[in-house]
Structures are given as structure tokens and as C-alpha cells.
Amino acid sequence: MVAETNFLGQIVRHLEQLKQALESQNVIAHVNGIGRSGVALQIADLPGDVTCRSNPTDAHHLWFWHNNEPLTPAGSRTEAREAAAKLLELRSKARGGDES
95 MVAETNFLGQ IVRHLEQLKQ ALESQNVIAH VNGIGRSGVA LQIADLPGDV
145 TCRSNPTDAH HLWFWHNNEP LTPAGSRTEA REAAAKLLEL RSKARGGDES
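Spelled out as C-alpha cells, the structure:
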């Protein structure tokens, strides 16, 4: 039980780092516990959830995922910024590419 709690805490910390990276770009994001994947990050103007979970091809790291597609490894603020950049690209495409 303690290992599960620590693992969940690690996931929440990674999602919070990603949320902070997005908010530094003036993007509204919310961490919540709703959804099939458990804890997820929802981003304004981007359909779907962002989750943090293991990757079958990289068992040693947690990864950020969007709609069941791996984005980047999770674990550091640098990786959170990389994931935020990819999510901003996806959001721009979802908006029709009108983002500067």
C-alpha cells in the first residue's frame, strides 16, 4: 500500500510540474482524478486527457501521454517543459493552427 501511495504521489508531482510548465505559457490546465486513467491533466482547448504512466518500451521511466500516445519521459522540469511544448503544438493543431 505504501508503494502504491508513493507511486501515485510521484505521478501527481510529474503532472503538477507539467501544469506549471503550461501555466508559464499562459495555458489553463487542471489536474483531476476523473477519467479512465486515474489522475489526469486537462488542458484548455485540447481535447482528451494527459496522463503520466509507464511506457511498455521504457520500463524504467514514467512517461507523459496524451490520448494513449506517448509524449516524453516524465521526471524533471526539463522533461515537463518538453512535454508542454509538444502539447502546445497539439493544441495549436486542434485550434486549426491559429496559435502564434
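Quick note: to get the numbering used here, add 94 to the position in the sequence shown (first position is 1). Every residue gets a Cβ at the ideal spot worked out from N, C-alpha and C, and that includes glycine.
With respect to the alpha helix (DSSP H) encompassing residue i, which residues constitute its N-terminal and C-terminal limits?
i, result
"ALA138", "That residue, ALA138, is in no alpha helix (DSSP H); it is neither H nor E in DSSP."
"ALA195", "For residue 195 there is no data in the structure shown, the boundaries of the chain being 95 and 194."
Less than 8 Å between the beta carbons of residue i and residue j, yes or no?
i, j, result
"PHE158", "LEU102", "no"
"ALA178", "LEU116", "yes"
"ASP185", "ILE137", "In the sequence under discussion, the amino acid at residue 185 is Arg, which differs from the Asp named in the question. Cβ atoms of ARG185 and ILE137: closer than 8 Å."
Near residue i, what residues of its chain come up, given a Cβ to Cβ distance below 6 Å and the 5 sequence neighbours on each side ignored?
i, result
"PRO167", "HIS155, TRP157 and GLU173"
"ARG171", "GLN111"
"LYS180", "LEU165"
Since residue i is in the beta strand (DSSP E), which residue starts that stretch and which ends it?
i, result
"ALA153", "152-160"
"ASN126", "123-126"
Note down, in chain order, each residue of its chain lying with its Cβ closer than 8 Å to the Cβ of residue i, except the 5 sequence neighbours on either side.
i, result
"ASN162", "none"
Classify residue i: buried if its beta carbon has 16 or more other beta carbons within 10 angstroms, exposed otherwise.
i, result
"ALA134", "buried"
"ALA123", "buried"
"THR145", "buried"
"ASP143", "buried"
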